[in-house]
Amino acid sequence: MNIKQSILLRVRIAFLAVIAFVLVVIYRIADIQFVQGDDWRKQAQEIGLDYKTIKATRGSIYADGNDLMATSLPFYKIAFDPSLANDNTFKTGIDSLSLLLSKFFRDLSPGEYRKKISEARQSRKRYLVLNNRLINYQDKAMMEKWPIFREGQMIGGVIFDKEDRRHRPFKALAQRTIGGLNIDGVATVGIEKSFDHYLAGQDGKGLYQRIAGGNWMPVNVASDVKPRNGYDVYTTIDINLQDVAQNSLLRQLEKFEAAYGTVVLMEVKTGEIKAMSNLTRTESGTYVEDYNYAVQGLNDPGSTFKLASMLALLEADKIELTDSVDTNDGTVKFYDRTMEDQSAWKGGYGKLTVQEVFEKSSNVGISKLVDQYFGKDPQKYIDIIKSTGLGKPLDFQMIGEGIPYIKNADDKSWSGTSLPWMSVGYETSITPLQTLAFYNAVANDGKMIQPIIVKSIRKGNQIVEEFDAKTLDKKIASKATLEKLKIMLEGVVERGTAKNIKNDYYKIAGKTGTAQKLINGRYYKQRYYASFAGYFPADEPLYSCIVVIDDPKGLNSFGGDVSAPVFKEIADMIFALDLDLHDKFEGERLAKEGTFPVIRAGNFDELNKLLNQFGISNHMEEENVEWVRASVNNNAIAWKPNHSQSNLVPNVEGMTLRDALYILENKGLKVNVSGTGRVLRQSIYAGRRIEKGTTITIELG
């Protein structure tokens, strides 16, 4: 045998040996896994080792402005391995530790704690639960400095088993919108559910050992997989506006004992939702947030849908706002059904212009117009409306958006009365948020955008993902049509069914809606779905809003009486808070950018000196006046006295905190302060009689 053959033989033998070894390994693995698997698993259970899930810390949810709306707070169960501490550490620290535990938990005496721990040490017990009560992070930090515990887990034996609890600092505010977790920590509804894949993070794995009493003790080993904490979700919600919207809605629901209500406030240009509240009446008469009517609640929209009907008529070039419509005695018959106006009981409106038909929300007028011009081709009417995007889902960020329904003329349920009844908001199903998006498009010069409620996902200060409102339709109608729709919407508040919310400071544009409730296939005349949708200020829209109140009780339970006041209260608050929204403060313009500094009220001598330094003309007609308010007169500032009788609450809005405190406290009032800056508003209006011990809250901004 030559050298070459010898080498080849050796290589072949080595190769066969490797193959044999691999086959043996595979066999042993299969034998252990499948043949002996049960035995090994039984031994593992007897030993008490198991890999368990280590829950990731859930991300937080923030409002616009970084107000914390939901977060996971760490709580701890305190346990102890008394066998780890050396004799000297244990003997010198056990008495003090027992005393501290007794004072903190107040369940056992110091002697009982000493006995409990000492007996566990003697029996070599590795995991002793000292108390089942969960402690917070501050308590944990304090206990870590106690005798024996200060040595840490590996030497001192203290064990803090962490457990996260979800916490909402603002309690019930936007509760259903934020959502929640069930008892197993699983997200169920709201933003918590919709953005769970960001918030939840990724759980880890850790080795635990089961010890006496059925408890599991963590075994710190290198093989543990650490959890990856969830990302934070930043929403568009404004906490202050959410508070105003929710409380205003609640007061109106309680007043009318309504079944439920919803309100949504949105920025016109950005589509950002600033407030969303949904309240349901319970059997006890209280209201809770348990269903998102704004996003999921499909219903006949009622008269708010008349805006879509007018758009179709105007886009088809069928009418002018000055055209006349005879509404007769407030009734009109279509086949076997009679359409009625609310005015029918007093003889109807008679002849109206198209604009008056809309302002007075005449069912007869709208249905006659739509039937007259689209009766022979109802699908054309439907196609125009659907071309705006109304009737399509918004693909909203939150799970569970209701699927809108606007029937076609070839639908099986179509009848001769479908068109006139559709024209006034029946035989359709639309959510409040979808209706709001349509009204927002009119305010936004025809651009329909997708509402959004979450702006970004972050990890600390790092932005992981950002969201912008999508454009759903660049132009829902022609410029001429949009201008006419705006005129009609303003007319509703100026002269029509919502004139009760007209004011002298800013204009509102909107439409009331009062739909009869459909119950078991039958419409009930005295049970309504009352709504108001619109935007403000009407000349330069910044916010759009919809308010829906279901089944209000009482005689005046229409949209204008029930829902419109909630809209106005929200609008008033925004107007009061945002100085850029109005041209006048206290009836007159106080500051023009580039001309005057922002001056509201204060001490005359100080303000006079300040303006003189700036070279701004200012004058006071009266003498010996200490406190003043400013008003603009041409290119100068005129000072007006700002005082009240000694027994009346003074007006401190616009003042600095120092001046406001001086005046109020000298009146004998107790003052609570929130915010920073100048006084935006005061909880007790000026002119109210002062009662001893009265507390007034002033908000700064």
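So in UniProt numbering, spot 521 of the sequence shown is number 521, and the numbers just go up one at a time. Every residue gets a Cβ at the ideal spot worked out from N, C-alpha and C, and that includes glycine.
Beta-carbon contacts of residue i that lie in its chain and below 7 Å, excluding the five residues immediately before and after
i       : result
Ala-20  : none
Arg-124 : Ser-83
Gly-425 : Asp-300, Pro-301, Gly-302, Ser-303, Thr-304, Phe-305, Lys-306, Gly-513, Ala-515
Thr-435 : Pro-301, Thr-304, Ala-533, Ile-546
Beta-carbon contacts of residue i that lie in its chain and below 8 Å, excluding the five residues immediately before and after
i       : result
Asn-328 : Gly-348, Gly-350, Val-364
Ser-413 : Lys-407, Glu-427
Met-339 : Thr-331, Val-332, Lys-333, Asn-363, Val-364, Ser-367, Pro-420, Trp-421, Val-424
Ile-13  : none
Inter-residue spacing [alpha-carbon to alpha-carbon] between residue i and residue j
i       : j       : result
Lys-91  : Pro-147 : 10 Å
Lys-667 : Arg-251 : 32 Å
Met-69  : Ile-449 : 26 Å
Gly-302 : Ser-284 : 30 Å
Ala-30  : Phe-104 : 55 Å
Ala-437 : Pro-451 : 7 Å
Gln-526 : Asp-550 : 12 Å
Gln-242 : Thr-694 : 28 Å
Thr-270 : Arg-133 : 47 Å
Asn-461 : Asp-232 : 10 Å
Glu-665 : Val-671 : 7 Å
Asp-659 : Glu-699 : 14 Å
Ile-366 : Val-288 : 37 Å
Leu-101 : Ala-56  : 29 Å
Pro-541 : Ala-509 : 9 Å
Pro-650 : Ser-683 : 12 Å
Asp-395 : Glu-401 : 7 Å
Asn-612 : Trp-627 : 17 Å
Lys-517 : Ser-343 : 19 Å
Met-266 : Pro-378 : 33 Å
Thr-322 : Gly-559 : 26 Å
Ala-200 : Asp-411 : 44 Å
Endpoints, beta strand (DSSP E) assigned at residue i
i           : result
residue 705 : Residue 705 is absent from the model: the chain starts at 1 and stops at 701.
Tyr-349     : Counting along the chain, Tyr-349 falls outside any beta strand (DSSP E), and DSSP gives it neither H nor E.
Phe-567     : Looking at the DSSP string, Phe-567 is not in any beta strand (DSSP E); the run it does join, the alpha helix (DSSP H), is 564 to 577.
Glu-466     : 462 to 466
residue 702 : Lying outside 1 to 701, the shown extent of the chain, residue 702 is not represented and no answer is given.
Phe-80      : 68 to 80
Ile-117     : Per DSSP, Ile-117 belongs to no beta strand (DSSP E); it is in the alpha helix (DSSP H), 110 to 122.
Gly-330     : Unbroken run through Gly-330: none, as it is neither H nor E.
Leu-680     : 679 to 682
Ile-519     : 509 to 519
Opening and closing residue of the alpha helix (DSSP H) in which residue i lies
i       : result
Ala-294 : 293 to 296
Met-266 : Taken as a continuous stretch (DSSP letters only), Met-266 belongs to no alpha helix (DSSP H), being part of the beta strand (DSSP E) at 260 to 267.
Val-370 : 363 to 374
Gln-379 : 378 to 387
Asp-659 : 657 to 666
Own chain residues within Cβ distance below 6 Å of residue i, not counting five before or after
i       : result
Lys-475 : Gly-446
Asp-196 : Ala-187
Leu-73  : Arg-165, His-167
Gly-416 : Tyr-335
Leu-130 : Ile-78, Phe-80
Supposed close pair residue i, residue j - CB separation, criterion 8 Å
i       : j       : result
Gly-230 : Tyr-260 : In fact, because the Cβ distance is near 32 Å, the residues do not count as touching under 8 Å.
Pro-432 : Val-264 : 6 Å
Ala-564 : Ile-501 : 5 Å
Gly-156 : Ala-85  : 6 Å
Ser-544 : Ala-477 : Actually they do not touch by this definition, with Cβ atoms about 16 Å apart.
Gly-602 : Thr-656 : 6 Å
Tyr-506 : Phe-575 : 6 Å
Gly-389 : Leu-419 : Contact flag wrong, Cβ pair sits at about 21 Å.
Asp-161 : Tyr-76  : 6 Å
Lys-193 : Ile-399 : 6 Å
Ser-557 : Tyr-524 : In fact, because the Cβ distance is near 12 Å, the residues do not count as touching under 8 Å.
Gly-491 : Glu-359 : 4 Å
Residue burial classification, residue i (beta-carbon count within 10 angstroms, cutoff 16)
i       : result
Thr-165 : The residue asked about is misnamed: residue 165 is Arg in this sequence, not Thr. That one is exposed.
Thr-235 : buried
Ser-674 : exposed
Ser-98  : buried
Asn-66  : exposed
Leu-352 : buried
Lys-274 : buried
Gly-59  : buried
Ser-531 : buried
Trp-345 : exposed
Gly-179 : buried
Min CB distance residue i to chain C below 9 Å
i       : result
Val-649 : Annotation note: the requested chain C is absent from the structure, which comprises a single protein chain.
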